[in-house]
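Worksheet: one structure, shown below.
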Amino acid sequence: MIIVTHDPLIAAQAERIIEIHDGKIVHNPPAQEKKREQGVDAAVVNTAPGWRQFASSFREALSMAWLAMAANKMRTLLTMLGIIIGIASVVSIVVVGDAAKQMVLADIRAMGTNTIDIHPGKDFGDDNPQYRQALKYDDLVAIQKQPWVNSATPSVSKSLRLRYGNIDIAVNANGVSGDYFNVYGMSFREGNTFNAVQQQDRAQVVVLDANTRRQLFPNKANVVGEVVLAGNMPVIVIGVAEEKPSMYGNSNLLQVWLPYSTMSDRIMGQSWLNSITVRVKDGVDSDQAEQQLTRLLTLRHGKKDFFTWNMDSVLKTAEKTTYTLQLFLTLVAVISLVVGGIGVMNIMLVSVTERTREIGIRMAVG
């Protein structure tokens, strides 16, 4: 307990007397040693464990902080609001940014990113006749035997007129294998794909896309089994596929698919393939698969008369872009947190400044 008095008799009752004159300390003797009380040394009493002293100090500081917060409710509310808004903005932006990133990457993966396309020539737009027949059916068979290949499909295509009754439309006819729809992750609205027997027998069957079905059969509930003319050749509709969006946007051309043997022999009269698309097994690195694919075909052809296009490069580019965007949004959130922290610092500075005089008086009287 501290007593401030001008009476020497009252001051004489204290264990320590500090004399102050005109705000200056003129006499400050050292504290006297405490007498033994009830046979216990005072020095022994004060030898409590450090953790107990820390716990006592912490409880006292917590109590003082609670009393200060209760005494200034508005200031406490504003301080907490600044911290809460800053932290909430950081957390929400990070969570929303990560969710948006996963959605974008999922949409890109749905387009078939673990695929590798093989085309004849040196690059896109290369129409050199010596490379036109570079890809053969035997190349497809060799690729399908590789352990890291999930499925592979050839492709030959040509524009045709498709007719049903008095309806005549232009379509892009694609000669593919039955694995084509698995390679691109396409599902069927009606029917199914063609099987190995139909491919071997050059069967006159066709799979339509949803838009072609709507154009040819606007009022039919089920079109499987219907006969249409592809050019001058009658074909039977065996399925309707749900085409997925392309990386380059949806084409305005209507798409139909026939067995590649039917397209090559019955319609186009060619023995080579326009392209081969390979779907890599899950867990296999697409870059390594592309390198092995290049080595395999180069050894078979004796030269590199083809080029590959790895769709995983699109996914990696998207991942870099979304990561950069997420980093930018996080930086904005951190800046907002810093601004909120500056507001808290300002309130704390004001609260300390307004008590400076009180603190000085308390220090002056010990």
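Okay, so the sequence shown: first residue is 1 according to UniProt numbering, each after it adds one.
Here a beta-carbon is modelled for each residue, glycine too, at the ideal position from N, C-alpha and C.
Check this for me: beta carbons of residue 135 and residue 306, under 8 Å apart or not? In this structure, residue 306 lies closer than 8 Å to residue 135 by Cβ.
According to DSSP, is residue 233 part of a helix, a strand, or is it coil? Looking at residue 233 - three-state DSSP - the assignment turns out to be strand.
Between 288, 75 and 60, which lies nearest to residue 349 when the distance is taken from Cα to Cα? 75
contact_flag[the stretch 203-222, the stretch 141-151] where n(CB pairs < 8 Å) is 3 or more: no
Are three or more beta carbon pairs between the stretch 294-310 and the stretch 170-179 nearer than 8 Å? no
Counted within 10 angstroms of its Cβ, other Cβ atoms place residue 38 as buried (16 or more) or exposed: Residue placement at residue 38 is flagged as unreliable, the pLDDT there being 47, under the threshold of 50; the coordinate-derived value follows with that caveat. Label assigned to residue 38: exposed.
Round the Cβ separation of residue 196 and residue 179 to the nearest angstrom and send it over; I've been treating them as touching at under 8 Å. About 10 Å separates the two Cβ atoms, so there is no contact after all.
Relative to the alpha-carbon of residue 337, which residue among 92, 274 and 9 has its alpha-carbon at the smallest distance? 92
Quick one: does the C-beta of residue 261 sit closer than 7 Å to a heavy atom of the ligand PLP? As far as ligands go, the structure on display features none, and thus does not contain the ligand PLP.
Alpha carbon to alpha carbon, how far is residue 133 from residue 291? Give it in angstroms, no decimals. 22 Å
Return the CA-CA distance between residue 248 and residue 266, expressed in angstroms with no decimal places. With a pLDDT of only 44 at residue 248, under the threshold of 50, the placement of this residue in the model should not be trusted, and no figure is reported.
Best match in 299, 211 and 263 for proximity to residue 239 [C-alpha to C-alpha]: 211
I think residue 104 touches residue 264, with their Cβ atoms under 8 Å apart; what is that distance to the nearest whole Å? Not confirmed; about 38 Å, so no contact.
Given a cut-off of 8 Å on the beta-carbon distance, is the pair residue 118 and residue 275 in contact? yes
Buried versus exposed call for residue 354 [16 or more other C-beta atoms within 10 Å across all chains shown]: exposed
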